[in-house]
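A.B. asks: For what it's worth, full-length UniProt numbering labels the leading residue of the sequence shown as 1, then goes sequentially. Note that the Cβ used here is the ideal one computed from N, Cα and C, for glycine as well. Since the model is a prediction, treat every value here as computed from it, not as a measurement.
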Amino acid sequence: MTGRGKGGKAKGKSKTRSSRAGLQFPVGRIHRLLRKGNYAERVGAGAPVYLAAVIEYLAAEVLELAGYAARDNKKTRIIPRHLQLAIRNNEELNRLLGGVTIAQGGVLPNIQAVLLPSKTKKAAA
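(1) The alpha helix (DSSP H) spanning K6 covers which residue range?
(2) Just verifying my parser: in three-state terms, what is the DSSP assignment at K121?
(3) Could you please give the first and the last residue of the uninterrupted alpha helix (DSSP H) stretch that includes N89?
(4) Are A60 and I78 touching if we call contact CB-CB under 8 Å?
(5) By the 10 Å Cβ neighbour count, where 16 or more other Cβ atoms means buried, how is Q84 classified, buried or exposed?
(6) Using 8 Å for Cβ pairs, my map puts V49 next to R17. What's the rounded Cβ distance?
Structure representation (structure tokens):
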């Protein structure tokens with residue numbers, strides 16, 4: 001006897017790979033995109049989980065900083081300007097997204113030091 005009778009386990013509710021990994025980003029979709037994208041002939045089971053975790057972390061980091069930028073401007077909604085300010089004021093994100101143009105993002109406020117009014121000492125009388 002092989003022990004494979006009729007009294008098998010009942011199938012429970014299916015759990016997504018995202019929920020198993022404790023992620024919000026879709027592991028299954030990322031796996032599909034990796035397979036269809038001609039990145040490699042084969043894709044391991046852990047690769048889409050790791051990639052989803054990295055993308056989720058980066059998204060959370062950018063959104064957190066953009067939320068702070070929105071709050072500093074007394075706004076409750078994040079707009080592209082807040083994303084731009086968050087990314088360009090963060091050294092690591094600026095290096096990662098240096099070649100990225102954000103539509104409607106504007107530029108960082110910057111005045112060259114030579115253009116600022118000079119601080120001359122007034123003669124004390």
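C.D. replies: Based on what the coordinates show:
(1) Run containing K6: none; DSSP gives neither H nor E here.
(2) coil
(3) 80-89
(4) For A60 and I78, no; Cβs fall outside 8 Å.
(5) By the 10 Å Cβ count, Q84 comes out buried.
(6) 7 Å
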